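What follows is a single structure, written as structure tokens, with notes after it.
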Amino acid sequence: MTASSRFTKLEHRYHLLFYNTEFTMAKSKNHTNHNQNKKAHKNKIKRAVTSRHPNQKGVDAKFRRNQKYAVQGSLRAVREARKAAAGTA
1 MTASSRFTKL
11 EHRYHLLFYN
21 TEFTMAKSKN
31 HTNHNQNKKA
41 HKNKIKRAVT
51 SRHPNQKGVD
61 AKFRRNQKYA
71 VQGSLRAVRE
81 ARKAAAGTA
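Okay, here's the thing in structure tokens:
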């Protein structure tokens, strides 16, 4: 291989295509949303699943405190009802 010919014909073509920026064309299409809406509706668009017990962060502190005691009272009443039912049965 002589000093003047660094590449074979195939290598030269490859080099021109991928390494030489003079010959690369400008990109014309930047974005398309074609068919995305149809794809989304194919299996229906569903609402986001909500939590059964939503997070109480950011709720009024006084309300949260009262709710805590209300839940404790409800659990105590359920426990006593079960004891009473077990005692009579």
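For the sequence shown, UniProt numbering begins at 1 and goes up steadily by one.
Glycine included, each C-beta is placed from N, C-alpha and C at the ideal position.
As the structure is a computational prediction, the values presented were derived from the model and not from experiment.
Less than 8 Å between the C-beta atoms of residue i and residue j, yes or no?
| i | j | result |
| --- | --- | --- |
| Gln56 | Arg64 | yes |
By DSSP, does residue i sit in helix, in strand, or in coil?
| i | result |
| --- | --- |
| His12 | helix |
| Val78 | helix |
| Asn43 | coil |
| Lys62 | helix |
| Phe7 | coil |
| Lys57 | coil |
Please list, in chain order, all residues of the same chain as residue i whose beta carbon is under 7 Å from its beta carbon, the five residues on each side excluded.
| i | result |
| --- | --- |
| Arg76 | none |
| Ala85 | none |
| Asn30 | none |
At the level of alpha carbons, what is the spacing between residue i and residue j?
| i | j | result |
| --- | --- | --- |
| Ala70 | Lys46 | 35 Å |
| Arg79 | Gly87 | 12 Å |
| His12 | Asn35 | 40 Å |
| Ala89 | Arg82 | 11 Å |
| Lys68 | Lys62 | 10 Å |
| Asn43 | Val49 | 16 Å |
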